[in-house]
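> Convert by adding 740 to the 1-based position in the sequence shown; the result is the number in this note's numbering.
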Amino acid sequence: MKKSILAAAALAAIAFSLEASALDTGVAPEVKGLKTAAPQTGLYVGNSFTYYNCGVNGYVRGLANASHEKWKARQITISSGRISFHPIEEYLEDHALDPYAKGKVKDGKLVAPMFDIVFLQGQSSEPIDPKASPTYRKYLKKAIEEVRKAGSEPVVVVTWAQKDKPADTRKLADATIAAANENHAVALPVGLAFEESLKARPDLILHAPDKRHPSAAGSYLYGAMMYSLLFRKSPEGLNFLGGCEKPLKASDAKFLQGVAWRVTKEFYGW
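1) Does the distance from the CB of L774 to the CB of V926 come in under 8 Å?
2) Which one of R822, R972, P942 has the shortest CA to CA distance from T875?
3) If you draw a straight line from the C-alpha of L944 to the C-alpha of H835, how long is it?
4) Could you give the first and the last residue of the continuous alpha helix (DSSP H) run that contains L913?
5) Can you confirm whether the segment 976-984 touches the segment 808-823 when touching is taken to mean that 3 or more C-beta pairs between the two stretches lie within less than 8 Å?
6) Over what stretch of residues does the alpha helix (DSSP H) that includes Y693 continue unbroken?
7) Based on the DSSP output, what are the partners of P954 in its beta bridges?
8) Could you tell me the alpha carbon to alpha carbon distance between D950 and L932, rounded to whole angstroms?
9) Does the beta-carbon distance from N921 to K881 come in below 8 Å?
10) Quick check: what's the CA-CA separation for P853 versus K844?
11) Short check: CB of M965 to CB of T916, under 8 Å?
12) A831 to Q902, Cα distance in whole Å?
13) Residues in its own chain within less than 6 Å of I884 by CB, not counting five upstream and five downstream?
14) Alpha carbon to alpha carbon, what distance is there between G1009 and E866?
15) Counting along the chain, where does the alpha helix (DSSP H) carrying K1005 start and finish?
16) Would the beta-carbon of T776 fall within 8 Å of that of Y784?
17) Just verifying my parser: in three-state terms, what is the DSSP assignment at R822?
18) Taking P870 as the reference, which of L850, A890, D904, K911 has the closest Cα?
19) May I have the straight-line CA-CA distance separating V896 from G782, to the nearest angstrom?
20) Check for me: the beta strand (DSSP E) holding L932 runs from which residue to which?
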């Protein structure tokens, strides 16, 4: 009896801490959500943060399938890749036998966007590295321009801090949100969701042993944040525990779904 009471109290404390916590960033997002209604196709541009655990694309797809949302996406990553490494314009062109171009080409030219949404995820420290940040801002601006030129909507991913450098969370958030604001683009606060999860559940490991890359739980949270933004609804209650032979415990998936939705709502003011 005592154990059940203590367990209930602990869960209540976790819920309260998540509800009460403020996303205390120095820079507020200018754009409060997607302009694209009911997006169905996407492109993930990133590096190993994106492709770890068989890729964040699998997590978003799993959540979307569980809620019967129409969604398919391509993932293009470069190991240790910075935004400047990616030929964004080429990614958004149609290629021979490209299924994403089906029904969108007339007289040899694209007449509709290849992708509704394009997620742009840079190298983990480049937004705050004094030497790298000017290049990051320069090429992020260029990438966003290319995305819009192609008729797609850009989303700038706010990455998380290394496990042993938690103070970098807010630095990364402020720098990346500011860069997104400069280009009037949506920022996706994945790093802030990591921080909120670790506050409430430090036992739930979000980093791989190298302290940088995401664990399966970290990738799940990343995907749940994308789902929340894309469909503007909660992933809570969805019957998806992750793939890639790394399914989570049902209780952990439920917890991360709740974190993703609360952080998304608070960040955008929904």
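From the three backbone atoms N, C-alpha and C, an ideal C-beta is built for every residue, glycine too.
Computed from a prediction, not measured in an experiment: that's the story for all the values here.
On the basis of the coordinates in this document:
1) Walking along the sequence shown from the start, residue 774 turns up at place 34. Walking along the sequence shown from the start, residue 926 turns up at place 186. Yes, the pair counts as a contact, with Cβ atoms nearer than the cut-off.
2) For this step, residue 875 is matched to residue 135 along the sequence shown. It is R822 whose Cα lies nearest to the Cα of T875.
3) Numbered from 1 along the sequence shown, position 204 holds the residue referred to as residue 944. Numbered from 1 along the sequence shown, position 95 holds the residue referred to as residue 835. Cα-Cα distance, rounded: 42 Å.
4) Position 173 of the sequence shown, counted from the first residue, corresponds to residue 913. For the sequence presented, residue 913 should be read as Ala rather than Leu. Here the alpha helix (DSSP H) through A913 covers 908-922.
5) no
6) For the chain, the structure presents residues 741 to 1010; residue 693 sits outside this window and is missing.
7) Against the sequence shown, residue 954 aligns to sequence position 214. According to DSSP, which records beta bridges pairwise, P954 is partnered with H947.
8) As a first step, residue 950 is located in the sequence shown; it is residue number 210 there, counting from the start. As a first step, residue 932 is located in the sequence shown; it is residue number 192 there, counting from the start. C-alpha separation (whole angstroms): 20 Å.
9) Taking the first residue of the sequence shown as position 1, residue 921 is located at position 181. Taking the first residue of the sequence shown as position 1, residue 881 is located at position 141. Not closer than 8 Å, so no.
10) In the sequence shown, counting from the first residue as 1, residue 853 sits at position 113. In the sequence shown, counting from the first residue as 1, residue 844 sits at position 104. C-alpha separation (whole angstroms): 7 Å.
11) By 1-based counting over the sequence shown, the position of residue 965 is 225. By 1-based counting over the sequence shown, the position of residue 916 is 176. Taking 8 Å as the Cβ cut-off, M965 and T916 do not qualify as a contacting pair.
12) To locate residue 831, count along the sequence shown from 1; it is residue 91. To locate residue 902, count along the sequence shown from 1; it is residue 162. Before going on, a small fix: residue 831 reads as Tyr here, not Ala. If you draw a straight line from the Cα of Y831 to the Cα of Q902, it is about 29 Å long.
13) As a position in the sequence shown, residue 884 is number 144, starting the count at 1. Correct list, in chain order: P894, N923, A925.
14) As a first step, residue 866 must be located in the sequence shown, where it is residue number 126. As a first step, residue 1009 must be located in the sequence shown, where it is residue number 269. Computed Cα separation, rounded: 27 Å.
15) What you label residue 1005 is simply residue 265 of the sequence shown in a count that begins at 1. Where K1005 is concerned, the enclosing alpha helix (DSSP H) stretches over 990-1008.
16) Counted from its first residue, the sequence shown places residue 776 at position 36. Counted from its first residue, the sequence shown places residue 784 at position 44. Going by C-beta atoms, T776 is not nearer than 8 Å to Y784.
17) Along the sequence shown, one-based indexing puts residue 822 at 82. DSSP places R822 in coil when its eight states are reduced to three.
18) Start at 1 with the first residue of the sequence shown, and residue 870 comes out as number 130. Ranking L850, A890, D904, K911 by Cα distance to P870 puts K911 first.
19) Counting from one through the sequence shown, the residue named residue 896 turns up at place 156. Counting from one through the sequence shown, the residue named residue 782 turns up at place 42. For V896 and G782, the distance between alpha carbons rounds to 13 Å.
20) The residue given as residue 932 occupies position 192 in the sequence shown. Segment 930-940 is the alpha helix (DSSP H) holding L932; no beta strand (DSSP E) there.
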